[in-house]
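**Student:**
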Amino acid sequence: MRAACPKCANPVVSTASRCGRCGASFKPSKVDRNLDRVVGNLRLVEKLGTGGMGSVYRAEHVALGTPYAVKVLHSQFSDDDTVAERFRREAVACSRLRHENTVFVTDFGVHDEVGIYLVMEYLEGIALHHLLRRDGPMPLDQFARVASQVCDAMDAAHRLGIVHRDLKPENVMVLTESGREGRVKVLDFGIAHLRDSGEQEGGSITRAGTVVGTPAYMSPEQIDRRYGEVAPVSDVYSLGVIFYECLAGRRPFLGDSDMVLITQQLTMAPEPIAMHRPELVDARLGELVAAMLEKNPARRPQSMAVVRAMLSEAMKELESLGIVDDARITVLPVSFDATDVPLSRSEFPVEPTRTNPDLLRSNPSLQITGIVQRIRAEAPDSAAATLLAALPSADAMRSEAITLALWGVLQDELLSAPPADPRFAQSLSHLTLLLDAALASHSGERPSPSQEKVFRGLKNLFTLASADRQRAIAAGIAPLFGRPLFPLDAVPRSLVPARPDGSLVDKLRQPVSVSAMKALLTHEISLFGKKKKPE
15 MRAACPKCAN
25 PVVSTASRCG
35 RCGASFKPSK
45 VDRNLDRVVG
55 NLRLVEKLGT
65 GGMGSVYRAE
75 HVALGTPYAV
85 KVLHSQFSDD
95 DTVAERFRRE
105 AVACSRLRHE
115 NTVFVTDFGV
125 HDEVGIYLVM
135 EYLEGIALHH
145 LLRRDGPMPL
155 DQFARVASQV
165 CDAMDAAHRL
175 GIVHRDLKPE
185 NVMVLTESGR
195 EGRVKVLDFG
205 IAHLRDSGEQ
215 EGGSITRAGT
225 VVGTPAYMSP
235 EQIDRRYGEV
245 APVSDVYSLG
255 VIFYECLAGR
265 RPFLGDSDMV
275 LITQQLTMAP
285 EPIAMHRPEL
295 VDARLGELVA
305 AMLEKNPARR
315 PQSMAVVRAM
325 LSEAMKELES
335 LGIVDDARIT
345 VLPVSFDATD
355 VPLSRSEFPV
365 EPTRTNPDLL
375 RSNPSLQITG
385 IVQRIRAEAP
395 DSAAATLLAA
405 LPSADAMRSE
415 AITLALWGVL
425 QDELLSAPPA
435 DPRFAQSLSH
445 LTLLLDAALA
455 SHSGERPSPS
465 QEKVFRGLKN
475 LFTLASADRQ
485 RAIAAGIAPL
495 FGRPLFPLDA
505 VPRSLVPARP
515 DGSLVDKLRQ
525 PVSVSAMKAL
535 LTHEISLFGK
545 KKKPE
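For the sequence shown, my numbering assigns the number 15 to the initial residue and increments by one for each residue that follows.
(1) Which word fits residue 90, buried or exposed, when buried means at least 16 other C-beta atoms lie within 10 angstroms of its C-beta?
(2) At which residues does the alpha helix (DSSP H) containing residue 71 begin and terminate?
(3) If you draw a straight line from the alpha carbon of residue 88 to that of residue 68, how long is it in whole angstroms?
(4) Taking three-plus beta-carbon pairs below 8 Å as touching, is the region 175-187 in contact with the region 227-237?
(5) Any idea which residues DSSP pairs residue 200 with across the strands?
(6) Just to confirm, does residue 283 get its C-beta within under 7 Å of one of the non-hydrogen atoms of the ligand MN?
(7) In the DSSP assignment, find the unbroken alpha helix (DSSP H) run with residue 289 in it and report its ends.
(8) As a quick exercise: from 174, 118 and 189, pick the residue whose alpha carbon is nearest that of residue 105.
(9) So, under 8 Å CB-CB, residue 155 and residue 338 are touching, yes? Tell me the CB distance rounded to an integer number of Å.
(10) Roughly how many whole angstroms lie between the Cα atoms of residue 111 and residue 167?
(11) Per DSSP, which residues does residue 277 bridge with? Please list them.
(12) For residue 58, which beta-bridge partners are listed by DSSP?
(13) Tell me whether the beta-carbon of residue 288 lies closer than 8 Å to the beta-carbon of residue 295.
(14) Return yes when the Cβ of residue 509 is within less than 8 Å of the Cβ of residue 453, no when it is not.
(15) Please determine if the region 46-64 and the region 120-140 are in contact, where contact requires at least 3 C-beta pairs separated by less than 8 Å.
(16) Could you name the residues that DSSP lists as bridge partners for residue 39?
(17) Would you say residue 298 and residue 327 are within 8 Å of each other, going by their C-beta atoms?
(18) For a test of the three-state rule: what should DSSP assign to residue 122, helix, strand or coil?
(19) Give the secondary structure of residue 434 by DSSP, where H, G and I count as helix, E and B as strand, and everything else as coil.
(20) Alpha carbon to alpha carbon, what distance is there between residue 335 and residue 312?
(21) Could you give the first and the last residue of the continuous alpha helix (DSSP H) run that contains residue 490?
(22) Return the first residue and the last residue of the beta strand (DSSP E) that residue 86 is part of.
(23) Applying the 10 Å Cβ sphere with the 16-neighbour rule, what's the burial state of residue 455?
(24) Is it the case that the Cβ atoms of residue 399 and residue 388 are separated by a distance below 8 Å?
(25) Return the CA-CA distance between residue 75 and residue 138, expressed in angstroms with no decimal places.
(26) Any idea what DSSP makes of residue 227, helix, strand or coil?
(27) Quick test of your reading: residue 160 and residue 188, contact by CB under 8 Å. State the CB separation rounded to the nearest angstrom.
(28) For a test of the three-state rule: what should DSSP assign to residue 135, helix, strand or coil?
(29) So residue 449 and residue 487 are in contact, right, with Cβ under 8 Å, and what is the actual spacing, rounded?
(30) Buried or exposed, going by whether 16 or more other CB atoms sit within 10 Å of the CB of residue 202?
(31) Using the Cα positions of residue 476 and residue 425, report the straight-line distance between them to the nearest angstrom.
(32) Indicate the three-state DSSP secondary structure (helix, strand or coil) for residue 357 in the structure shown.
(33) Look up residue 283 in the DSSP assignment and say whether it is helix, strand or coil.
(34) Residue 63 and residue 70 - do their beta-carbons sit closer together than 8 Å?
(35) Is it the case that the Cβ atoms of residue 393 and residue 440 are separated by a distance below 8 Å?
(36) When the Cα atoms are used, what is the spatial distance from residue 368 to residue 286?
Okay, structure coming up:
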């Protein structure tokens with residue numbers, strides 16, 4: 015009998031107390047009384063895992079030796095009609111689905127000793143949940159392969175009137191074939207809603223007041239029916255959460271309790287995926303994920319066929335930009351209803367969330383992400399790009415840490431490269447972007463601690479630079495002089511433009527903000543206080 019290491023998901027013998035891969039210690043599994051029992055023509059030979067409703071065993075046909083998976087309902091639920099009905103629904107839903115990306119169910123019944131069970135095809139592979147836990151964020155080409163197959167599975171289910179209602183990484187299996195992880199299977203239709211099964215519309219197999227699903231992946235309408243009825247677009251939302259987690263290595267909402275997660279699903283907007291994957295700034299893939307996570311069901315892509323086609327277009331864009339080598343997705347021939355969303359970018363189901371300067375300025379973290387992407391694209395061989403390659407992933411560092419690290423490298427370039435050298439102009443352009451981001455990061459009356467660090471860096475740069483470098487740097491950052499909180503005292507007084515005689519009157523005539531004017535007056539007063547009195 016085998017189990018999985020709780021830390022790295024490495025398969026281990028159930029009686030083991032230590033993982034051979036990562037060295038983690040854990041309690042060995044208890045002996046299972048169901049092992050070696052025969053259910054129909056199948057002998058239960060190995061326990062594969064346990065969930066909230068039941069356990070899954072590997073079984074072998076007693077005559078043929080063919081492997082199967084048998085899902086057994088926990089004994090405490092044997093007399094629970096609601097849970098038993100979930101099992102029946104799963105059997106009915108999966109028996110209808112004969113798709114290469116969904117698990118096949120071959121039998122359903124009740125055994126005197128084992129209890130309620132269903133028999134499925136046996137799969138060799140790893141749950142997407144464990145795969146992400148083991149490897150972290152997915153490479154884009156791997157993501158495209160996994161995501162497209164889940165779309166295919168759910169499109170097939172929806173065409174049969176089956177809404178899953180519990181899509182999550184634990185219910186997606188990545189199969190191991192010839193030693194490689196490839197084909198994907200969607201599992202566990204235990205709480206699926208069968209729209210054409212003769213049930214009353216809106217009928218539920220849950221007890222009154224109980225919400226069905228997993229809070230971290232539930233759509234707003236599953237939580238609160240005022241958002242709409244549960245429908246295929248509810249699965250689109252859940253898949254959007256999975257897409258986000260595959261790309262970012264974390265879910266969009268990270269509440270520490272079910273109630274917090276439910277509140278976040280209803281009220282919070284997720285961070286743009288580009289904050290975790292800088293290469294997706296201004297990319298269609300980010301727009302697709304954002305559209306799938308819309309709170310309003312009507313603003314999401316209205317079918318899995320649409321999601322898949324949009325995913326294909328997004329990956330083609332990334333390939334054309336050189337971000338992925340070959341992530342082509344074969345779009346299956348599907349028929350679109352008149353209400354389906356066309357595939358052209360101009361006809362997205364929601365207004366595109368394309369990144370623009372106003373959005374970047376209002377979100378400094380995203381602005382830093384954009385700067386990182388720009389440095390990598392414009393100066394791949396520069397010292398700044400080399401530094402970025404050595405840093406941890408963007409989601410592991412704060413914007414302030416990235417800013418200060420880049421500032422140091424760009425400052426060294428400005429102090430070493432001749433002002434006429436293209437490297438100087440390039441470094442100055444990137445440093446100006448960093449300064450702009452710092453100014454946008456706080457709108458209070460006084461600079462924040464993070465801004466103070468950058469402002470001290472600017473003052474230090476002018477202190478160390480020669481006269482010709484000072485002039486070039488001042489000319490590069492001049493467009494920022496009128497921004498609120500800009501540290502005018504960091505720039506040599508003679509290099510601030512529109513001050514022909516340096517008089518306070520000329521400075522007061524400049525169209526600057528109140529905050530900038532306060533900084534200017536403070537600077538003038540400090541200079542006045544330092545002047546020597548005439549003899």
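Heads up, the beta-carbon is just placed ideally off N, CA and C, and yes, glycines get one too. Only a predicted model underlies this, so the values are computations on that prediction, with no experimental measurement involved.
**Tutor:** On the basis of the data shown:
(1) As a first step, residue 90 must be located in the sequence shown, where it is residue number 76. With fewer than 16 other Cβ atoms within 10 Å, it is exposed.
(2) Stepping through the sequence shown from its first residue, residue 71 is reached at position 57. Careful: residue 71 lies outside any alpha helix (DSSP H), inside the beta strand (DSSP E) at 68-75.
(3) One-based indexing of the sequence shown puts residue 88 at position 74. One-based indexing of the sequence shown puts residue 68 at position 54. If I take the Cα positions, the gap works out to 5 Å.
(4) yes
(5) Taking the first residue of the sequence shown as position 1, residue 200 is located at position 186. DSSP lists 116 and 186 as partners of residue 200.
(6) The ligand MN is absent from the structure shown, which contains no ligand whatsoever.
(7) As a first step, residue 289 must be located in the sequence shown, where it is residue number 275. Careful: residue 289 lies outside any alpha helix (DSSP H) and carries neither H nor E.
(8) Here residue 105 refers to the residue found at position 91 of the sequence shown. Taking only the C-alpha atoms, the option nearest residue 105 is 118.
(9) Stepping through the sequence shown from its first residue, residue 155 is reached at position 141. Stepping through the sequence shown from its first residue, residue 338 is reached at position 324. Contact flag correct, Cβ pair sits at about 5 Å.
(10) Taking the sequence shown and counting its residues from 1, the one referred to as residue 111 is at position 97. Taking the sequence shown and counting its residues from 1, the one referred to as residue 167 is at position 153. Taking the straight line from one Cα to the other gives about 9 Å.
(11) Sequence index remark: in the sequence shown, residue 277 carries index 263 (1-based). Answer is none; residue 277 lacks a bridge partner.
(12) Residue mapping note: residue 58 aligns to position 44 of the sequence shown, counting from 1. Paired residue(s): 73.
(13) Within the sequence shown, residue 288 is the residue found at index 274, counting from 1. Within the sequence shown, residue 295 is the residue found at index 281, counting from 1. Closer than 8 Å, so yes.
(14) Within the sequence shown, numbered from 1, the residue matching residue 453 stands at position 439. Within the sequence shown, numbered from 1, the residue matching residue 509 stands at position 495. Cβ atoms of residue 453 and residue 509: not closer than 8 Å.
(15) yes
(16) Within the sequence shown, numbered from 1, the residue matching residue 39 stands at position 25. According to DSSP, residue 39 bridges with 32.
(17) What you label residue 298 is simply residue 284 of the sequence shown in a count that begins at 1. What you label residue 327 is simply residue 313 of the sequence shown in a count that begins at 1. Contact flag set, yes.
(18) If you number the sequence shown from 1, residue 122 lands on position 108. Strand, per DSSP.
(19) In the sequence shown, counting from the first residue as 1, residue 434 sits at position 420. Of the three classes helix, strand and coil, the one that applies to residue 434 here is coil, per DSSP.
(20) The residue you call residue 312 lines up with position 298 of the sequence shown. The residue you call residue 335 lines up with position 321 of the sequence shown. Between residue 312 and residue 335, the C-alpha separation is close to 31 Å.
(21) The sequence position of residue 490 within the sequence shown is 476, counting from 1. Run containing residue 490: 481-491, per the alpha helix (DSSP H) assignment.
(22) If you number the sequence shown from 1, residue 86 lands on position 72. Counting along the chain, the beta strand (DSSP E) containing residue 86 begins and ends at 81-87.
(23) Locating residue 455 in the sequence shown gives position 441, where the first residue counts as 1. Residue 455 should be labelled buried.
(24) Reading the sequence shown from its first residue, position 385 is the one you call residue 399. Reading the sequence shown from its first residue, position 374 is the one you call residue 388. For residue 399 and residue 388, no; Cβs fall outside 8 Å.
(25) Counting from one through the sequence shown, the residue named residue 75 turns up at place 61. Counting from one through the sequence shown, the residue named residue 138 turns up at place 124. Taking the straight line from one Cα to the other gives about 17 Å.
(26) For the purposes of this step, residue 227 is identified with residue 213 of the sequence shown, where counting begins at 1. The answer is coil: DSSP assigns residue 227 none of H, G, I, E or B.
(27) Mapped onto the sequence shown, residue 160 falls at position 146. Mapped onto the sequence shown, residue 188 falls at position 174. With 8 Å as the limit, residue 160 and residue 188 qualify as a contact, their Cβ atoms being about 7 Å apart.
(28) Walking along the sequence shown from the start, residue 135 turns up at place 121. Three-state DSSP puts residue 135 in a strand.
(29) If you number the sequence shown from 1, residue 449 lands on position 435. If you number the sequence shown from 1, residue 487 lands on position 473. No, residue 449 and residue 487 are not in contact; Cβ-Cβ is about 10 Å, not under 8 Å.
(30) By one-based count along the sequence shown, residue 202 stands at place 188. By the neighbour-count rule (16 or more Cβ atoms within 10 Å), residue 202 is buried.
(31) The residue you call residue 476 lines up with position 462 of the sequence shown. The residue you call residue 425 lines up with position 411 of the sequence shown. Going by the C-alpha atoms only, they are around 10 Å apart.
(32) Looking up residue 357 in the sequence shown gives position 343. The pLDDT assigned to residue 357 is 33, lower than 50, so where the model puts this residue is not dependable; a value taken from the coordinates is nonetheless given after this. Coil, per DSSP.
(33) On the sequence shown, position 269 is the one that residue 283 refers to. Coil.
(34) Position 56 of the sequence shown, counted from the start, is the residue given in the question as residue 70. Position 49 of the sequence shown, counted from the start, is the residue given in the question as residue 63. It is a contact, given that the beta carbons lie within the stated cut-off.
(35) Looking up residue 393 in the sequence shown gives position 379. Looking up residue 440 in the sequence shown gives position 426. Going by C-beta atoms, residue 393 is nearer than 8 Å to residue 440.
(36) Residue numbering aside, residue 368 sits at position 354 when the sequence shown is read from its first letter. Residue numbering aside, residue 286 sits at position 272 when the sequence shown is read from its first letter. With a pLDDT of only 34 at residue 368, under 50, the local geometry of the prediction cannot be trusted, and the value read off the model is given with reservation. Approximately 10 Å, taken between the alpha carbons.
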